[in-house]
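Novice: For reference, the structure I am asking about is given below.
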Amino acid sequence: MSTLHVISHSPFGDNRLTSCLRLLGDQDGVLLCGDAVYALQPGSAPLATLQARNLQGRLFALEEDLQARGISADEGTRAIDYPAFVALSLDFDKVNSWL
Numbered sequence: 013m014s015t016l017h018v019i020s021h022s023p024f025g026d027n028r029l030t031s032c033l034r035l036l037g038d039q040d041g042v043l044l045c046g047d048a049v050y051a052l053q054p055g056s057a058p059l060a061t062l063q064a065r066n067l068q069g070r071l072f073a074l075e076e077d078l079q080a081r082g083i084s085a086d087e088g089t090r091a092i093d094y095p096a097f098v099a100l101s102l103d104f105d106k107v108n109s110w111l
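Residues in the sequence shown are numbered from 13 upward in steps of one, following this note's numbering.
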């Protein structure tokens, strides 16, 4: 069963992203939104961790939140809008928001 994990908190303020990555299954996806997009800052430890997990095709970020924070998605991250988020949530068996 596949799960889309939705993270909205900064990886510099708590360990939600780290905990999520520990539990991530091979078919699971990760959507970064809100302050969680700070994980995509070039040269940051969270970005290195995400890149090491080889999440090609399974790592997403909300375009609106990237733009609001002046961050660009790297080549391993697909930037999506809200309609694509809704469609993406239907591609997975479950959606888990890390509140």
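Backbone N, C-alpha and C define an ideal beta-carbon position, used for all residues, glycine too. The structure presented is a predicted model; accordingly, all values stated were derived computationally and were not measured.
Can you confirm whether the stretch 19 to 33 touches the stretch 87 to 98 when touching is taken to mean that 3 or more C-beta pairs between the two stretches lie within less than 8 Å?
Specialist: At 8 Å Cβ cutoff, the stretches do not touch.
Novice: Mind checking whether D86 and C45 have CB atoms under 8 Å apart?
Specialist: No, they are not a contact pair.
Novice: Round the Cβ separation of Q53 and I83 to the nearest angstrom and send it over; I've been treating them as touching at under 8 Å.
Specialist: 6 Å between Cβ atoms; contact.
Novice: Looking at the structure shown, is R65 part of a helix, part of a strand, or coil, going by DSSP?
Specialist: R65 falls in the coil class under three-state DSSP.
Novice: Opposite G41 in the DSSP bridges: which residues?
Specialist: Paired residues: L16.
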